[in-house]
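S.K.: Below is the structure I would like to discuss, written out as structure tokens.
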Amino acid sequence: MKKCLIVTSAIALAAVLMGCNEKSNSTITLNKDKPLVFFNRQPSDPTTGKIDMESMNWNDKTYYVGFDAAGGGAVQGKLITDWLAKQDASKIDRNGDGILGYVLCVGDVGHNDSKARTEGIRRALGTWNDSSEPTNSKEGTVNVGGKELKVVELEGKAMTGTDGSTWNANAATDAMGGWATKYGDQLDMVVSNNDGMAMGCLQASNYPAGVPIFGYDANADAIEAIGSGKLTGTVSQNVDAQATATLQVIRNLLDGLTGDDVRKKGITEPDQYGNKISAGVDYIAETKAVLAQNTGVNADNWKDYAAGNRDKGVKQTTAEKKKVILTIYNAADNFLSSSYLPALQYYAPLLNLDLTVVQGDGQNEVSCLDKFTNLNSFDAYAINMVKTNSARDYTDKLKY
119 MKKCLIVTSA IALAAVLMGC NEKSNSTITL NKDKPLVFFN RQPSDPTTGK IDMESMNWND
179 KTYYVGFDAA GGGAVQGKLI TDWLAKQDAS KIDRNGDGIL GYVLCVGDVG HNDSKARTEG
239 IRRALGTWND SSEPTNSKEG TVNVGGKELK VVELEGKAMT GTDGSTWNAN AATDAMGGWA
299 TKYGDQLDMV VSNNDGMAMG CLQASNYPAG VPIFGYDANA DAIEAIGSGK LTGTVSQNVD
359 AQATATLQVI RNLLDGLTGD DVRKKGITEP DQYGNKISAG VDYIAETKAV LAQNTGVNAD
419 NWKDYAAGNR DKGVKQTTAE KKKVILTIYN AADNFLSSSY LPALQYYAPL LNLDLTVVQG
479 DGQNEVSCLD KFTNLNSFDA YAINMVKTNS ARDYTDKLKY
């Protein structure tokens with residue numbers, strides 16, 4: 119009797135354990151099946167710019183959130199030419215030689231956004247020579263106050279720091295000091311692929327007074343600089359729309375939404391909680407990309423972009439709290455640290471997303487990858503890579 123009882127009990131216990139395991143397996147989501155959103159740096163080939171669709175198709179819950187890079191370059195170019203059209207040519211052309219000479223701060227020659235901004239600037243000024251390489255431009259023309267001036271890109275340079283980091287503001291300060299000395303009154307304008315480098319240029323002790331300078335990003339310090347007359351203009355890539363869309367796509371996927379609802383709900387139309395991003399957002403189906411639209415910022419509208427103006431269309435949700443690990447490629451990046459990250463940290467609690475943020479050094483992918491750990495503890499992943507061709511380094515860690 120005792121043996122039968124023991125055997126029966128063992129069989130019963132095994133059945134119970136098997137049932138528990140079956141129940142557990144039915145509720146566990148493997149990392150490879152969880153939501154994955156790349157943001158700010160689109161998985162792509164740094165040389166050709168071709169989108170890495172293998173990574174974008176990692177699973178059916180993989181998306182990219184950013185902004186319209188090509189459109190942004192065009193917006194920056196138009197911002198510059200519209201401003202020049204209203205100026206006095208005799209004041210812009212400092213030495214009166216009939217030539218508008220400008221210098222260009224390039225962020226990262228292998229970054230799609232940098233390429234698009236360089237192209238947009240050069241196309242607007244007529245200096246586009248079918249290449250976004252820093253040293254490849256041609257002579258153009260532009261209307262300045264009703265007078266046509268020749269346009270010459272005196273020099274374009276990629277701003278790479280001594281530590282190897284790109285989009286480097288200190289490198290821009292050094293370059294600007296050299297340009298001011300080298301070109302003197304031939305230098306009529308400064309254009310930058312981002313605000314960080316533009317603000318770096320303004321830090322040069324010999325920056326020529328009154329020379330117009332244009333940036334890109336609408337960082338808080340750049341907006342203040344426009345208000346004080348130091349910076350001429352910038353482009354807002356609508357960081358709040360990007361940050362919210364990054365989180366909203368994750369929220370939608372975690373809530374079980376599928377198809378068009380993933381990129382529409384809370385973004386271009388109200389979600390179940392009544393949230394909707396105020397700024398314009400587009401979707402490119404071929405690359406699974408949710409893109410915020412760009413707007414020019416100058417002395418006429420800078421107050422609309424002043425710090426603290428958060429999107430009132432995003433309110434507190436009652437969704438179940440979920441955990442997300444998010445990487446920032448460079449803790450020292452001006453745009454990401456001073457604009458994007460604060461926006462993420464503002465909107466995440468409203469969408470009941472608990473963010474764990476890890477930051478890299480802007481040079482080595484391992485500075486992010488080594489902190490991209492304990493992945494089973496998270497419900498979703500948001501990735502900002504050091505290099506645009508590193509997406510598979512992250513998906514490899516999510517295979518199991």
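Take 119 as the starting number for the sequence shown in this note's numbering and just add one per residue. Glycine residues also receive a C-beta, built at the ideal position from the N, C-alpha and C atoms.
#1: Taking the alpha-carbon positions, what's the S354 to T413 distance?
#2: What is the rounded straight-line gap between the Cα of D378 and the Cα of K196?
#3: Looking at the structure shown, is T199 part of a helix, part of a strand, or coil, going by DSSP?
#4: What would DSSP say about T362, mapped onto helix, strand or coil?
#5: Measuring straight from C-alpha to C-alpha, what distance separates T199 and N311?
#6: Specify whether the stretch 437-457 and the stretch 500-518 touch according to this definition: at least 3 beta carbon pairs, one from each stretch, less than 8 Å apart.
#7: In chain order, what residues of the same chain have a beta carbon less than 8 Å from the beta carbon of Y182, not counting five sequence neighbours either side?
#8: Suppose the cutoff is 6 Å on Cβ atoms and the five residues either side in sequence are ignored; what does the same chain contact list for M307 look like?
#9: Measuring alpha carbon to alpha carbon, tell me which of D231, E266, I239, P164 ends up nearest D206.
#10: Report the rounded CA-to-CA distance for I344 versus I210, giving the unit in angstroms.
#11: Roughly how many whole angstroms lie between the Cα atoms of I385 and N470?
#12: Find out if the Cβ-Cβ distance for the pair F496, K441 is shorter than 8 Å.
#13: Can you find the residues in the same chain that come closer than 7 Å, C-beta to C-beta, to D511, ignoring five residues on each side of it along the sequence?
#14: Return the CA-CA distance between N261 and S208, expressed in angstroms with no decimal places.
#15: Can you list, in chain order, the residues of its chain with a C-beta nearer than 6 Å to that of L462? Leave out the 5 residues immediately preceding and following it.
#16: Would L516 pass as a contact of L493 if the rule is Cβ separation under 8 Å?
#17: In terms of alpha-carbon separation, which member of S283, A424, W297 lies closest to G478?
#18: Note down, in chain order, each residue of its chain lying with its Cβ closer than 7 Å to the Cβ of T513, except the 5 sequence neighbours on either side.
#19: Using 8 Å for Cβ pairs, my map puts G295 next to N324. What's the rounded Cβ distance?
#20: Based on the DSSP secondary-structure assignment, which residues constitute the bridge partners of D479?
#21: Just curious, the beta strand (DSSP E) that G295 is in, first and last residue?
#22: Let me know the secondary structure DSSP gives V183 once reduced to three states.
#23: Per DSSP, V155 is paired with what?
#24: Among residues of its own chain, excluding the 5 on either side of I341, which ones have a beta-carbon nearer than 8 Å to its beta-carbon?
#25: Assign M277 to one of three DSSP states: helix, strand, or coil.
#26: For F332, write down the residues that DSSP places opposite it in a beta bridge.
#27: Report the residue from T436, A242, T299 whose alpha carbon sits nearest the alpha carbon of E257.
#28: For M277, which residues in the same chain have their Cβ closer than 6 Å to its Cβ, ignoring the five residues on either side in sequence?
M.R.: Reading off the structure:
#1: Position 236 of the sequence shown, counting from 1, holds the residue named residue 354. Position 295 of the sequence shown, counting from 1, holds the residue named residue 413. Approximately 5 Å, taken between the alpha carbons.
#2: As a working note, residue 378 is residue 260 in the sequence shown. As a working note, residue 196 is residue 78 in the sequence shown. Approximately 33 Å, taken between the alpha carbons.
#3: If you number the sequence shown from 1, residue 199 lands on position 81. Here T199 sits in helix by DSSP.
#4: Position 244 of the sequence shown, counting from 1, holds the residue named residue 362. Per DSSP, reduced to three states, the secondary structure at T362 is helical.
#5: Here residue 199 refers to the residue found at position 81 when the sequence shown is read from its first residue. Here residue 311 refers to the residue found at position 193 when the sequence shown is read from its first residue. The straight-line gap separating the alpha-carbon atoms of T199 and N311 is approximately 16 Å.
#6: Pairwise C-beta distances place the stretch 437-457 in contact with the stretch 500-518, as three or more of them are shorter than 8 Å.
#7: For this step, residue 182 is matched to residue 64 along the sequence shown. Cβ contact annotation for Y182 (same chain, cutoff 8 Å, sequence separation greater than five): V155, F156, F157, Q160, P161, M174, T405, K406, A407, V408, in chain order.
#8: Numbered from its first residue, the sequence shown carries residue 307 at position 189. Around M307: Y220, P330.
#9: Here residue 206 refers to the residue found at position 88 when the sequence shown is read from its first residue. Residue E266 holds the alpha-carbon nearest to the alpha-carbon of D206 among D231, E266, I239, P164.
#10: In the sequence shown, the residue the question calls residue 344 occupies position 226. In the sequence shown, the residue the question calls residue 210 occupies position 92. Roughly 18 Å separates the two Cα atoms.
#11: Residue 385 sits at position 267 when you count from the first residue of the sequence shown. Residue 470 sits at position 352 when you count from the first residue of the sequence shown. Near 16 Å, if we compare the C-alpha coordinates of N470 and I385.
#12: In the sequence shown, the residue the question calls residue 496 occupies position 378. In the sequence shown, the residue the question calls residue 441 occupies position 323. Contact flag set, yes.
#13: As a first step, residue 511 must be located in the sequence shown, where it is residue number 393. Only E483, L487 meet the Cβ criterion.
#14: Your numbering for residue 261 matches position 143 in the sequence shown. Your numbering for residue 208 matches position 90 in the sequence shown. Going from the Cα of N261 to the Cα of S208 covers about 12 Å.
#15: Locating residue 462 in the sequence shown gives position 344, counting from the first residue. Cβ neighbours of L462 beyond the five flanking positions: A361.
#16: As a working note, residue 516 is residue 398 in the sequence shown. As a working note, residue 493 is residue 375 in the sequence shown. Contact: yes.
#17: Taking the first residue of the sequence shown as 1, we reach residue 478 at position 360. Here the closest residue by C-alpha is S283.
#18: Translated into positions along the sequence shown, residue 513 becomes position 395. Contacts found: S173, W176.
#19: By 1-based counting over the sequence shown, the position of residue 295 is 177. By 1-based counting over the sequence shown, the position of residue 324 is 206. 6 Å between Cβ atoms; contact.
#20: On the sequence shown, residue 479 is found 361 positions in, with the first residue counted as 1. DSSP, once it has assigned bridges, lists N448 as partnering D479.
#21: Within the sequence shown, the letter at position 177 stands for residue 295. It is not in any beta strand (DSSP E) - G295 instead sits in the alpha helix (DSSP H) that spans 287-301.
#22: For the purposes of this step, residue 183 is identified with residue 65 of the sequence shown, where counting begins at 1. V183: strand per DSSP, three-state reduction.
#23: On the sequence shown, position 37 is the one that residue 155 refers to. V155 pairs with Y181, A500.
#24: Walking along the sequence shown from the start, residue 341 turns up at place 223. Contacts found: T352, V415, W420, Y423, A424, A425.
#25: The count along the sequence shown starts at 1 and reaches residue 277 at position 159. Here M277 sits in coil by DSSP.
#26: By 1-based counting over the sequence shown, the position of residue 332 is 214. Answer is V309, G351, bridged to F332.
#27: Here the question's residue 257 lines up with position 139 in the sequence shown. In terms of CA proximity to E257, A242 leads the group T436, A242, T299.
#28: Start at 1 with the first residue of the sequence shown, and residue 277 comes out as number 159. Excluding the 5 residues flanking it on each side, M277 has same chain C-beta neighbours closer than 6 Å at C223, N286, A289, A290, M315, in chain order.
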